[in-house]
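> For the sequence shown, this note's numbering assigns the number 492 to the initial residue and increments by one for each residue that follows.
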Amino acid sequence: MTDQFGRAIRYMRLSITDRCNLRCRYCMPDGAALCRHSDLLTYEELLQVAEAAVGLGITRFKVTGGEPLVRRGCVEFLGRMKSLPGVEQVTLTTNGLLLEPLLPRLAAMGLDGVNISVDAADPAVYAAITGSDRLDAVLRAIRASVGSGIKTKLNCVLLEGCEGQIVPLARLAAGLAVDVRFIEVMPIGAGAASAGVSSQAALDILRAEWPDLHGVEEERGNGPARYYAGARLLGRVGMIDAVSHSFCRGCNRVRLTSTGWLKPCLCYGEGTDLRAVLRSSPEELPAALRRAVWGKPRAHCFKEAAEVTERNMMSGIGG
Ligand code: SAM
Ligand code: SF4
């Protein structure tokens, strides 16, 4: 369906947990409060939401978290999402730590894509950002994911002080058919206190290494990334610059937090409590979804940080 501004909304991000096995400093720092288990939507409830969303033309889903793979039953849930009538696409966003052994099952079920988050190519820098010394497992998962045939993309947040990681991360696209996407830090949760690097600064750094990098008009996913190609790169380099370039006019998505709060826009706390609807009057679900989609705000306000009303952490929202 379209919203009040005529945008077709076809894509939903489903956060299935606010738990995570990493502590990325811009997302879920140590000591972050967690929701009660009973406040998480059950898989049955998530499927009910997905079914109602499909009825409105929302047919592409990204399963996210927290770290989705720490929730027991995630792989089975992905399989059930894949076989839900009308669902066109199911993809997963993960930090990659638990991914490698699951890839054969994910490939067999026809998972449509996996995004792996990795903000540094150097183990010490990775550890300083995430609190984990398991970069090796993530890099193995990236290679195995590409090898499994699942469309694989990398998400790399552009953090101030980590500019030296930009070229080594992009270099992964030199040897592998993987898109490496750089994301500007958004002022949500702990991200508000994290200094970032602009996509333009990152592009300048990349062009010093690959002077022939040039923008390409290609449909490579559901998101707002702008892609660049270079003769020495197998994959593409992408920029997701929500802060310096607003792409709200083409926004196609809504988000469901791990506690069932339907968010029409990342930047605002306003939304609809679908958990309450599911647990009191589930027959109201399609109407509640329709109202939420229609009322989607025109644009985010990341440039005016004081206007951001979202108070949750990104780990609960799902990115
Ligand atoms: N744990 C999974 C992962 O890391 O991919 C899925 C959830 S995570 C919240 C989804 C994406 O949001 C990750 O790529 C992460 O880097 C990104 N993210 C989290 N906080 C952010 C922020 N403040 N600004 C920009 N991206 C952020
Ligand atoms: Fe966990 Fe992903 Fe947030 Fe890192 S970005 S803390 S891996 S949810």
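C-beta atoms are modelled at their ideal positions from N, C-alpha and C, and glycine is treated no differently.
Less than 7 angstroms separating the Cβ of G522 from some heavy atom of ligand 2?
Incorrect: G522 has no Cβ contact closer than 7 angstroms to ligand 2.
> Enumerate in chain order the residues of its own chain whose CB-to-CB distance from E579 is below 7 angstroms, with the five nearest sequence positions on each side excluded.
The residues are T550, R551.
> So is the beta-carbon of T621 under 7 angstroms away from any non-hydrogen atom of ligand 2?
It does: the Cβ of T621 is within 7 angstroms (strictly closer) of some heavy atom of ligand 2.
> Identify the continuous beta strand (DSSP E) that holds K787 and give its terminal residues.
Unbroken run through K787: none, as it is neither H nor E.
> Does the contact criterion of 3 or more C-beta pairs under 8 angstroms hold for the stretch 696-706 versus the stretch 636-643?
No contact exists between the stretch 696-706 and the stretch 636-643.
> Among the candidates G721, K553, A632, E651, whose CA atom is the shortest distance from the CA of P595?
Comparing Cα-Cα distances from P595 to each of G721, K553, A632, E651, the minimum goes to A632.
> Where E535 and M572 are concerned, what is the direct C-alpha to C-alpha distance, given to the nearest angstrom?
Approximately 11 angstroms, taken between the alpha carbons.
> DSSP three-state call for K553: helix, strand or coil?
Strand at K553.
> Return the CA-CA distance between S456 and R516, expressed in angstroms with no decimal places.
No statement about residue 456 is possible, as the shown extent of the chain runs from 492 to 810 and does not include it.
> For E675, is the classification buried or exposed, using 16 other Cβ atoms within 10 angstroms of its Cβ as the cut-off for buried?
So E675 counts as buried.
> In whole angstroms, give me the CA-to-CA distance for R766 and A524.
R766 and A524: Cα-Cα distance of roughly 20 angstroms.
> So what does DSSP say about M572, is it helix, strand or coil?
Reduced to three states, the DSSP call for M572 is helix.
> Taking all protein chains shown into account, do 16 or more other C-beta atoms lie within 10 angstroms of the C-beta of H791, making it buried, or fewer, making it exposed?
Burial call: buried.
> What number of angstroms, rounded off, separates the C-alpha of S685 from the C-alpha of E774?
Those two C-alpha atoms are separated by around 42 angstroms.
> Among all the DSSP beta bridges, which residues are the ones paired with G640?
G640 is not bridged to any residue.
> Look up V676 in the DSSP assignment and say whether it is helix, strand or coil.
V676: coil per DSSP, three-state reduction.
> Within this structure, are the beta carbons of T508 and P592 separated by less than 8 angstroms?
Cβ atoms of T508 and P592: not closer than 8 angstroms.
> Once the 5 residues before and after G548 are set aside, which same chain residues still bring their CB inside 7 angstroms of it?
These residues qualify, in order along the chain: M492, R501.
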